[in-house]
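J.: Structure provided below as structure tokens; questions to follow.
Residue numbers (my numbering): 1018 to 1173.
What follows is the structure, given as structure tokens:
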């Protein structure tokens, strides 16, 4: 029997955080109009990375998105078929392709990001009291640290 309540408390907190993030992601997808694009969250993530990083290799996209090269290839195939990205040979290594975004893709990603930011700004204005704004800033800092944490050796 575990007499240390901390691991159970940490696990419960982690589950609550995970559940809250899932609900918030779903809400952001709905509020931004993401569902109307017909693209999956993974495909939109890849598209946003191409817009932000392009021209970029598929290997770099796989690393950025934390997915397999096969998953990137599938997403890129859909995005190419939709006319949102195109590939050109890498001038430094003709065996590789550099993926670039079509201007329509840049506009689409900007609209989706604006929709998300608009929803969050309205939610902050309506739900967060002025004296709680510093708490929101602290929560953002903590989430950024979670996202950057390297736990491979057991430490942060």
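Don't be surprised by glycine CBs; every beta carbon is placed ideally from N, CA and C. These numbers were taken from a predicted model, which means no experiment stands behind them.
Here's a check: name, in chain order, each residue in its chain whose Cβ is nearer than 6 Å to the Cβ of residue 1156, leaving out the five neighbours to either side.
T.: Within the chain shown, residue 1156 is the residue found at index 139, counting from 1. Answer for residue 1156: no residue qualifies.
J.: Per DSSP, what kind of secondary structure is residue 1019 in: helix, strand or coil?
T.: As a first step, residue 1019 is located in the chain shown; it is residue number 2 there, counting from the start. Residue placement at residue 1019 is flagged as unreliable, the pLDDT there being 48, under the threshold of 50; a coordinate-derived value is accordingly withheld.
J.: So is residue 1055 buried or exposed if we call it buried at 16+ other beta carbons inside 10 Å?
T.: For the purposes of this step, residue 1055 is identified with residue 38 of the chain shown, where counting begins at 1. Residue 1055 is exposed by the Cβ-count criterion.
J.: Near residue 1120, which residues of its chain fall below 7 Å by C-beta distance, leaving aside the five closest residues on each side in sequence?
T.: Position 103 of the chain shown, counting from 1, holds the residue named residue 1120. Excluding sequence neighbours, residue 1120 sits near nothing in its chain.
J.: When you compare only the Cα positions, how much space is there between residue 1090 and residue 1050?
T.: Here the question's residue 1090 lines up with position 73 in the chain shown. Here the question's residue 1050 lines up with position 33 in the chain shown. Distance between the alpha carbons of residue 1090 and residue 1050 is about 25 Å.
J.: So what does DSSP say about residue 983, is it helix, strand or coil?
T.: Missing from the structure shown is residue 983; the chain here goes from 1018 to 1173 and no further.
J.: Only counting the same chain, and skipping five residues up and downstream in sequence, which positions put a Cβ closer than 8 Å to that of residue 1123?
T.: In the chain shown, the residue the question calls residue 1123 occupies position 106. Excluding sequence neighbours, residue 1123 sits near 1068.
J.: Assuming residue 1169 is part of the alpha helix (DSSP H), what are its boundary residues?
T.: As a working mapping, residue 1169 is identified with position 152 in the chain shown. Looking at the DSSP string, residue 1169 is not in any alpha helix (DSSP H), and its letter there is neither H nor E.
J.: Between which two residues does the beta strand (DSSP E) containing residue 1096 stretch?
T.: Mapped onto the chain shown, residue 1096 falls at position 79. It is not in any beta strand (DSSP E) - residue 1096 instead sits in the alpha helix (DSSP H) that spans 1086-1098.
J.: If you draw a straight line from the C-alpha of residue 1027 to the C-alpha of residue 1152, how long is it?
T.: Locating residue 1027 in the chain shown gives position 10, counting from the first residue. Locating residue 1152 in the chain shown gives position 135, counting from the first residue. For residue 1027 and residue 1152, the distance between alpha carbons rounds to 20 Å.
J.: Check this for me: beta carbons of residue 1079 and residue 1086, under 8 Å apart or not?
T.: Position 62 of the chain shown holds residue 1079. Position 69 of the chain shown holds residue 1086. In this structure, residue 1086 lies closer than 8 Å to residue 1079 by Cβ.
J.: Is it buried or exposed for residue 1138, if we count other Cβ within 10 angstroms and need 16 for buried?
T.: Along the chain shown, one-based indexing puts residue 1138 at 121. Flag for residue 1138 reads exposed.
J.: Quick one: Cα of residue 1165 to Cα of residue 1106, how far?
T.: In the chain shown, residue 1165 corresponds to position 148, counting from 1. In the chain shown, residue 1106 corresponds to position 89, counting from 1. So the alpha carbons of these two residues sit roughly 32 Å apart.
J.: Does the distance from the CB of residue 1096 to the CB of residue 1104 come in under 8 Å?
T.: For the purposes of this step, residue 1096 is taken as residue 79 along the chain shown, with counting starting at 1. For the purposes of this step, residue 1104 is taken as residue 87 along the chain shown, with counting starting at 1. It is not a contact, given that the beta carbons lie outside the stated cut-off.
J.: If you run the structure through DSSP and keep just helix, strand and coil, what is residue 1058?
T.: Counting from one through the chain shown, the residue named residue 1058 turns up at place 41. Three-state result, residue 1058: helix.
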